[in-house]
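Comments concern the structure below.
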Amino acid sequence: MYVGGVVILKGSNTRRIAFLTFSSSSFPSSSSPPDFLNFAMPSDSSAFRFRFVKVVLAASIISKSGKVLVSRQFVDMSRIRIEGLLAAFPKLVGTGKQHTYVETENVRYVYQPIEALFLVLVTNKQSNILEDLETLRLLSKLAPEYAMSLDEEGICRTAFELIFAFDEVISLGHKENVTVAQVRQYCEMESHEEKLHKLVMQSKINETKDVMKRKASEIDKSKIDRGRADKGGFMSLQSMGSGKIDSAFSEMSISSSGSGFGSGSGFGLSTDIDSFSTKTKGRPPSSATAPPKGLGMQLGKSQRTNQFLESLKAEGEVILEDVQPKAGQPKSAAPPLTDPVTLNVEEKLNVTLKRDGGLSNFDVQGTLSLQILNQEDAYIQVQIETGGNPGILFKTHPNMNKELFSNNNILALKDTSRPFPTGQTGDAGGVGLLRWRMQTSDESMVPLTINCWPTVSGNETYVNIEYEASEMFDLRNVVISVPLPAAREAPRVNQIEGEWRYDARNSMLEWSILLVDNSNRSGSMEFVVPPADPSVFFPISVRFAATETFSDLKVLNIIPLQGGAAPKFSQRTQLVTENYQVVLEGKVALITGGAAGIGEEAVRLFAANGAFVVVADIQDELGHQLVASIGSDRVSYCRCDVRDENQVENTVNFTLEKYGGLDILFSNAAIANGSTALT
């Protein structure tokens, strides 16, 4: 008679489970069963028979030539041993079978082809073949879940993820009772506490960054004020900030008192920053009189700030360092006035470029404004010179002498006995004297063109972006913002000329070039993201500034009206972008179910990006209301029930006849009563 038991055999680094069988003659005669817990192995080893538990020895993915890509062993097995077993497998495999098994003298191979590879389970010959086939089917479902592609490159890239998944399916050689969804959940190991901790840490990091930038800005401002106090003079003409001067010409009125135009805001001016907030009584800035010791402490603080910034970079934080302004160029405010008379020339550029080339919109709006410090310098006339651009139309303020401007390019009040308003009564941003506008369809006038080429290759999208700048202007602080598909990770940038930053919150890639001049009139970058529709990368937004303008307006002279020397004056010139985009111009989109809900949002999005849109729906009233609210001939409505083949065909024909093509089909129709849409 044989009696069975279970023992654990301890090896050098593993434990093996084995069944133990032995003959009853090996024990002394006794009416009670043997004590297995205190059992001592008899000297007669021949009385024992060991039978190992039926297990899966290894799970592997190999090429058809026998190259091992991934292999996970579940028993103590040397590398040479498993490589030898897997190398012999291709010679044993037959052809024309989807999944089967082969046996050798020692092991059994249970396998299944997955495209150009083999998924193989190596088991002992005593294992349960039905259970092994079930395990094989589960692993074959997991492989596409984790591998980006079922080829050698895709498997090798996700080798560790596949090993972790295999471990969740097979434990100590035995199959676990799990599903694909459970394996995915176990491998993700999501923790609410961990997410909360990361959010708290990110909040602290963001707060520290804000404090760092604020302190750095204060230090820069202190340096600028100190340099201004040391020089005792005014900065360069190009040091003007980006303050906006919005002159409302219709609100200007002449007062009957001796104050000329009344208060400093008599022209109805508005400004969105404190461009000229310094008082005009000659009082120096408070920081200019600070003791040197305080400035020394601020320099030390700047050093600590830089050290903290470097530590953040070392930890992997993606930080966009702000372009530090030169001395006399604060970032948030224009410098205070020091010259008696200052004239500001500002042009705002609005450009819409088509994705496939061509110009959809080009509009330049310019303003010339005047700022005067002292009342005695307000009795003046301004002589200017324009670049002679025939496409620019100049308009003077109604209270200006139009005839004098037309004949002599002199800006003067109709009533020469009254002065211009000054800034002494408040922080006036200046008074508007002249404005102009230019519109053109000539693409050569565009200062910066952008070409974007998205290409889908396998499981990745390669995006190549190129800029070309004209020789008209030197562009400063160029930022090209490209929208990206929502993703957990930043894009992989293969090549770039300049700097880049990934804005995860807005899913935006920002390409920054500090200066575009004759040394870099063209440049390119390439980045890689997961597969995405090419329309996702539009509209592309562009920002830049320049110290030259399209009008090329220059102030030649200041003419005093009360005799004496002409007051000293300065000119500040700036060209800025207000809305500069590359859009989906010319694309034709057909959106079903587009009268409401997500479809309506899609219609508005495509229309805003310059595409032609056909709204297809069965809700006629909502469809016509949507087209009317957009108010563009680029959007049309066509009644269509997607369950009716004739109506679908008529809608497609309507789109082709009206817009000459169909590029994008966006299906958003809701199907009721168990019906199905035509496909």
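UniProt numbering applies: residue 1 is where the sequence shown begins, and numbers increase by one.
In this text, a Cβ means the ideal position worked out from N, Cα and C, and glycines have one as well.
| Check | Outcome |
| --- | --- |
| Simplified DSSP state of Glu190, which is helix, strand or coil | coil |
| Per DSSP, cross-strand counterpart(s) of Cys638 | Ala616 |
| Secondary structure of His174, DSSP reduced to three states | strand |
| Supposed close pair Val70, Ile61 - CB separation, criterion 8 Å | 5 Å |
| Per-residue DSSP class, three states only, for Ser127 | coil |
| Straight-line Cα distance separating Leu515 from Glu499 | 12 Å |
| Spatial distance of Glu190 from Arg184 (CA atoms) | 11 Å |
| Closest by C-alpha distance to Tyr502, when choosing among Ser524, Arg476 and Val529 | Val529 |
| Cβ neighbour criterion (16 or more within 10 Å) applied to Ser457 | exposed |
| Neighbourhood of Pro419 by C-beta, 7 Å cutoff - its chain only, sequence neighbours within 5 removed | Gly260, Gln375, Ala378 and Tyr379 |
| beta-carbon Ile591 near the ligand HEM non-hydrogen atom, thresh 6 Å | Here there are no bound small molecules, and the ligand HEM is not part of this structure. |
| C-beta atoms of Phe537 and Cys452 nearer than 7 Å | yes |
| N- and C-terminal bounds of the beta strand (DSSP E) containing Val652 | Careful: Val652 lies outside any beta strand (DSSP E), inside the alpha helix (DSSP H) at Glu645 to Tyr659. |
| Ordered list of alpha helix (DSSP H) runs contained in the region 548-595, each at least 4 residues | none |
| Contact under 7 Å by Cβ, Val613 with Gly661 | no |
| Beta-carbon proximity of Val56 to Ile205, cut-off 7 Å | no |
| Counted within 10 angstroms of its Cβ, other Cβ atoms place Ala607 as buried (16 or more) or exposed | buried |
| Nearest-angstrom beta carbon gap, Tyr580 and Val382 [assumed within contact, 8 Å] | Actually they do not touch by this definition, with Cβ atoms about 31 Å apart. |
| Backbone CA spacing between Asn506 and Thr208 [nearest angstrom] | 21 Å |
| Status (buried if at least 16 other CB within 10 Å, exposed otherwise) for Leu665 | exposed |
| For Val431, the first and last residue of its enclosing beta strand (DSSP E) | Val431 to Gln439 |
| Residue environment, residue 691, which counts as buried when at least 16 other CB atoms sit within 10 Å | Given a span of 1 to 679 for the chain in the structure shown, any question on residue 691 remains unanswerable. |
| Cutoff 6 Å; reference Glu489; Cβ partners in own chain excluding five residues on either side | none |
| Buried versus exposed, by CB contacts within 10 Å (16 or more), Ile570 | The sequence given here has Ser at residue 570, not Ile. By the 10 Å Cβ count, Ser570 comes out buried. |
| Rounded separation between Pro291 and Lys215 - CA only | Unreliable placement is indicated for Pro291, whose pLDDT of 41 sits below 50; no coordinate value is reported for it. |
| Residue range of the unbroken alpha helix (DSSP H) whose run includes Val169 | Ala159 to Val169 |
| Contacts around Glu460, its chain only, beta-carbon distance under 8 Å, and the 5 residues preceding and following it disregarded | Val528, Val529, Pro530 and Pro531 |
| Touching by the beta-carbon criterion (3+ pairs, under 8 Å), the region 101-119 and the region 143-156 | yes |
| Classification of Pro42 by the beta-carbon crowding that lies within 10 angstroms, buried from 16 upward | With a pLDDT of 46 at Pro42, under the threshold of 50, the predicted position of this residue should be treated as unreliable, and no value is reported. |
| Local conformation of Arg521 per DSSP, three classes | coil |
| Leu434 classed as buried or exposed, judged by whether at least 16 other C-beta atoms fall within 10 angstroms | buried |
| Reduced DSSP category for Asp474 - H, G, I as helix; E, B as strand; rest coil | coil |
| Reference Ser636; option with closest CA among Asn477, Thr135, His624 and Ile559 | His624 |
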